[in-house]
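Quick note, the working numbering runs 269 ahead of the 1-based positions in the sequence shown.
Worksheet for the structure shown next.
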Amino acid sequence: MTNEPGEKYTGSPGVTLSVTGLQVQVRRLNSTWLELMCHSSCVLPDHPEYDWYKNEKYIKTGSSLLVSSGSADRYSCYLTGYWNNGSPAVYGPQRPSVSVSPSAEMLEGDSVTLTCSADANQAANYTWYKQDGTSDPHLLSKEPHLVFSSIQSSDSGRYFCTAENQLGRKTSDFISIDVKYGPQRPSVSVSPSAEMLEGDSVTLTCSTDANPAANYTWYKEHEDSPRASGQIFTITNFTAEHSGNYYCEAQNEMGRSNSTLRLITSSVIQSQDGWRVDYDQTDVCAAKGSTVYISCDITYPPGKDPSDIKDRFWFTKEKDGEPVDLRTDSEYSDRVTYRCFSKECYLTITDVRESDSAEYKFRFGTNKPGEKYTGSPGVTLSVTGFQVQVRRSDSTWLELTCHSSCVLPDRPEYVWYKNEEIIKTGSSLPVSSGSTDRYSCYLTGYWNQRSPAVYGPQRPSVSVSPSAEMLEGDSVTLTCSTDANPAANYTWYKQGGTSDPRLLSEEPHLVFSSIQSSDSGRYFCTAENQLGRKTSDFISIDVKYGPQRPSVSVSPSAEMLEGGSVNLTCSTDANPAANYTWYKEHEDSPRASGQIFTITNFTAEHSGNYYCEAQNEMGRSNSTLRLITSSGKSHSFFCSLTYYINNPTKEVTHSKRSL
270 MTNEPGEKYT GSPGVTLSVT GLQVQVRRLN STWLELMCHS SCVLPDHPEY
320 DWYKNEKYIK TGSSLLVSSG SADRYSCYLT GYWNNGSPAV YGPQRPSVSV
370 SPSAEMLEGD SVTLTCSADA NQAANYTWYK QDGTSDPHLL SKEPHLVFSS
420 IQSSDSGRYF CTAENQLGRK TSDFISIDVK YGPQRPSVSV SPSAEMLEGD
470 SVTLTCSTDA NPAANYTWYK EHEDSPRASG QIFTITNFTA EHSGNYYCEA
520 QNEMGRSNST LRLITSSVIQ SQDGWRVDYD QTDVCAAKGS TVYISCDITY
570 PPGKDPSDIK DRFWFTKEKD GEPVDLRTDS EYSDRVTYRC FSKECYLTIT
620 DVRESDSAEY KFRFGTNKPG EKYTGSPGVT LSVTGFQVQV RRSDSTWLEL
670 TCHSSCVLPD RPEYVWYKNE EIIKTGSSLP VSSGSTDRYS CYLTGYWNQR
720 SPAVYGPQRP SVSVSPSAEM LEGDSVTLTC STDANPAANY TWYKQGGTSD
770 PRLLSEEPHL VFSSIQSSDS GRYFCTAENQ LGRKTSDFIS IDVKYGPQRP
820 SVSVSPSAEM LEGGSVNLTC STDANPAANY TWYKEHEDSP RASGQIFTIT
870 NFTAEHSGNY YCEAQNEMGR SNSTLRLITS SGKSHSFFCS LTYYINNPTK
920 EVTHSKRSL
């Protein structure tokens, strides 16, 4: 400024001062050693040397430092001679801590988030695992948050996380997840049998899955008062009056559930009064679709013969306390026949089904009123379907074997299909890994009872929920699905520009509990089983958000000579892109629209505070005020500036002549 009123001058352009902090950069040399380097954002003079500190104690001077991988120490560097201006220390993660939200009792269906955090510099990468018994931990996620959008009882167990950066890796303590749920429908088992001799004892056991453990109460049908409490109910000295339907009720604080009715009857078992029933086999295993033969022998008491027997039949079920003849059961319609002789009786079941698996008993009456006999325990029939099992031979070949749940007679031979065409007969089939074909097998002679086909995944499809526009803070779930047998395992990735994709999750669902703008990008998933691997198409996630507070830059300067031009540029981050409007302070009407506002032929009247407004469909935001002033007419002056670089012995002078 001069003595002349309003005369002001500015030396422009000025002196650019760059203030640099120091940072330690880490570079891995091999599996054992790391190299630490001290880095600044601008070139420092005189070939600077750095002092290195380990846990706040000086250890050496030099441009870099070698340290062992996995070190638990903290390292920092200082420009030699400037001990009060050191870098932040770098160090491996401390033991991670785990938090659970919500921290209250967990019920099935709740949304639960586990968070892993650790103090580290560089920032740590996190991985979540579930520990299942003595087996290896199961990797769940490579994010700091492990989200269960609808937690289930099967999610109960022990979890832990790891935190890792280039300097080390640490593991958290285990955290136990205990999901509460009400009793499932209880099952009732009876020992030794549901058909009792008078005077015997019978034990009924009630079982269910519940957390916390259930309490049990026993009832007899049509009675309001309970017969007993506890998981086991024992009836001693059984009489005909004890016969009837029983059920148990399982209850905990989460709910209650009743078993189905279980019939306990008074009957004659195996041998009484000289009558006896013996079965040729007590366990029969058959292929689905085959024909089964079950037989029994009848022993008569002295003085009795076949003319004393009537009402001979086979059964598996009872109704109202009485056995149901298989010939009247609609499930066996036209599939059962009886052939009975004086001392033998045969049951034939054709085209057996897996639903035919049951205990089969023979029952008969005599000429004496009310005298009935049952051969018990009966014959247990197991009907097996076929499954193709896959075993990897090496990196190139797989071996397929046809499997049934029981041993079939006569050294069974299998026929193999590839895409619905027969290709060979044999107990196994070699196929190449990555094959896109479908393979199935059947037992020779039973062509209509083929196994389900096994095949690699089809190209996975990806769905997004909700499918509407995504806003910052929304909960968003990506789901990967495919058709495959055996069932596929899924992996989610995010594609980061030209870099390698980043693995995010090894679950079919990728959950963002509160999606952010930084989550925008391209995602894909893979589906893989033993027979092959397929990759989905990319899906683009575009998160919408309103403008952040805009910043305003001024060019060439915020102090203008009259007659000059000035450009004001407004910038913000927004999706969709923002529209810009320019205002001068205390004026309601906008001065201009667009990202750049240009004032030409600048005068004193243009001086003042300006701001821009950024707006999109998600919201609006204003910049702070930016002062633009008139510095008067152009004159010549000379300016000299002397300053010191953190050391009184180093003097730097800059001079500038300006018009």
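Think of the CB as a built atom: it goes at the ideal place given N, C-alpha and C, for glycine as much as any other residue.
Since residue i and residue j are thought to touch, with beta carbons under 8 Å apart, how far apart are those beta carbons, to the nearest angstrom?
{"i": "residue 564", "j": "residue 613", "result": "6 Å"}
{"i": "residue 729", "j": "residue 796", "result": "4 Å"}
{"i": "residue 770", "j": "residue 759", "result": "Residue 770 to residue 759, Cβ: 14 Å. No contact."}
{"i": "residue 868", "j": "residue 834", "result": "7 Å"}
{"i": "residue 836", "j": "residue 865", "result": "6 Å"}
{"i": "residue 317", "j": "residue 439", "result": "Their Cβ separation, rounded to whole angstroms, is 34 Å, which puts residue 317 and residue 439 out of contact at 8 Å."}
Tell me the rounded alpha-carbon separation between residue i and residue j.
{"i": "residue 1014", "j": "residue 726", "result": "One cannot answer for residue 1014 here, as it falls past the ends of the chain, which runs 270 to 928."}
{"i": "residue 398", "j": "residue 711", "result": "40 Å"}
{"i": "residue 693", "j": "residue 673", "result": "19 Å"}
{"i": "residue 302", "j": "residue 295", "result": "11 Å"}
{"i": "residue 483", "j": "residue 530", "result": "19 Å"}
{"i": "residue 524", "j": "residue 780", "result": "30 Å"}
{"i": "residue 757", "j": "residue 659", "result": "13 Å"}
{"i": "residue 787", "j": "residue 773", "result": "14 Å"}
{"i": "residue 701", "j": "residue 722", "result": "16 Å"}
{"i": "residue 805", "j": "residue 791", "result": "12 Å"}
{"i": "residue 350", "j": "residue 828", "result": "40 Å"}
{"i": "residue 340", "j": "residue 741", "result": "39 Å"}
{"i": "residue 473", "j": "residue 589", "result": "19 Å"}
{"i": "residue 928", "j": "residue 823", "result": "At residue 928 the pLDDT is 40, less than 50, meaning the model places this residue with poor confidence and gives no usable figure here."}
{"i": "residue 508", "j": "residue 502", "result": "16 Å"}
{"i": "residue 426", "j": "residue 556", "result": "39 Å"}
{"i": "residue 605", "j": "residue 585", "result": "13 Å"}
{"i": "residue 686", "j": "residue 650", "result": "29 Å"}
{"i": "residue 912", "j": "residue 765", "result": "Because the pLDDT of residue 912 is 43, which lies under 50, any placement of that residue in the model is unreliable, and the number read from its coordinates should be weighed accordingly. So the alpha carbons of these two residues sit roughly 45 Å apart."}
{"i": "residue 491", "j": "residue 513", "result": "10 Å"}
{"i": "residue 377", "j": "residue 419", "result": "7 Å"}
Less than 7 Å between the C-beta atoms of residue i and residue j, yes or no?
{"i": "residue 383", "j": "residue 415", "result": "yes"}
{"i": "residue 489", "j": "residue 515", "result": "yes"}
{"i": "residue 517", "j": "residue 455", "result": "yes"}
{"i": "residue 457", "j": "residue 424", "result": "no"}
{"i": "residue 713", "j": "residue 619", "result": "no"}
{"i": "residue 808", "j": "residue 743", "result": "no"}
{"i": "residue 652", "j": "residue 682", "result": "no"}
{"i": "residue 708", "j": "residue 754", "result": "no"}
{"i": "residue 387", "j": "residue 421", "result": "no"}
{"i": "residue 433", "j": "residue 393", "result": "yes"}
{"i": "residue 385", "j": "residue 369", "result": "no"}
{"i": "residue 617", "j": "residue 562", "result": "yes"}
{"i": "residue 417", "j": "residue 429", "result": "no"}
{"i": "residue 305", "j": "residue 348", "result": "no"}
{"i": "residue 431", "j": "residue 477", "result": "no"}
{"i": "residue 739", "j": "residue 814", "result": "no"}
So, at 6 Å on beta carbons, what are the nonlocal neighbours of residue i in its own chain, with the 5 sequence-adjacent residues on each side left out?
{"i": "residue 272", "result": "none"}
{"i": "residue 789", "result": "810, 811, 812"}
{"i": "residue 778", "result": "746, 748"}
{"i": "residue 568", "result": "545"}
{"i": "residue 481", "result": "521"}
{"i": "residue 853", "result": "860, 877, 879"}
{"i": "residue 537", "result": "Note that residue 537 scores a pLDDT of 44, beneath 50, so its modelled location is shaky; the value from the coordinates is reported in the next line. Counting only Cβ-Cβ distances below 6 Å, and skipping sequence neighbours, we find 642."}
{"i": "residue 944", "result": "An answer regarding residue 944 cannot be provided, because it is not within the stretch 270 to 928 covered by the chain."}
{"i": "residue 406", "result": "398, 400"}
{"i": "residue 698", "result": "669, 685"}
{"i": "residue 441", "result": "365, 367, 429, 430"}
Only counting the same chain, and skipping five residues up and downstream in sequence, which positions put a Cβ closer than 8 Å to that of residue i?
{"i": "residue 579", "result": "633, 634, 635, 636"}
{"i": "residue 893", "result": "818, 821, 880"}
{"i": "residue 735", "result": "743, 745"}
{"i": "residue 592", "result": "582, 584, 586, 630, 632, 643"}
Starting from the C-beta of residue i, find all residues in its chain whose C-beta is less than 7 Å away, skip the five residues before and the five after it, and write them out in chain order.
{"i": "residue 883", "result": "816, 819, 839, 841, 843, 847, 849, 889, 890"}
{"i": "residue 358", "result": "343, 344, 345, 390"}
{"i": "residue 504", "result": "470, 471, 511"}
{"i": "residue 550", "result": "648"}
{"i": "residue 799", "result": "659, 661, 667, 755"}
{"i": "residue 629", "result": "563, 583, 585, 616, 647, 648, 650"}
{"i": "residue 540", "result": "Confidence in residue 540 is poor, its pLDDT being 48 and thus under 50, which makes the residue's placement unreliable; the coordinate value appears in the next sentence. None."}
Q) Residue ranges of each beta strand (DSSP E) run of no fewer than 3 residues wholly in the region 713 to 766, ordered along the chain? A) 730 to 734, 745 to 750, 758 to 764
Q. Taking only runs of the beta strand (DSSP E) that begin and end inside the region 539 to 619, which ones reach a length of at least 3 residues, in chain order?
A. 544 to 548, 552 to 556, 561 to 568, 578 to 584, 605 to 609, 613 to 618
Q.
List, from N- to C-terminal side, the beta strand (DSSP E) runs of 3 residues or more that fit wholly inside the region 342 to 376.
A. 343 to 348, 366 to 370
Q.
Please give me, in chain order, every unbroken run of the beta strand (DSSP E) with length at least 3 that falls completely inside the region 415 to 477.
A. 426 to 434, 437 to 440, 444 to 446, 456 to 460, 471 to 476
Q: Write down every uninterrupted run of the beta strand (DSSP E) in the region 634 to 693 whose length is 3 residues or greater and which is fully enclosed by it, in chain order.
A: 641 to 643, 648 to 653, 656 to 661, 666 to 672, 683 to 687
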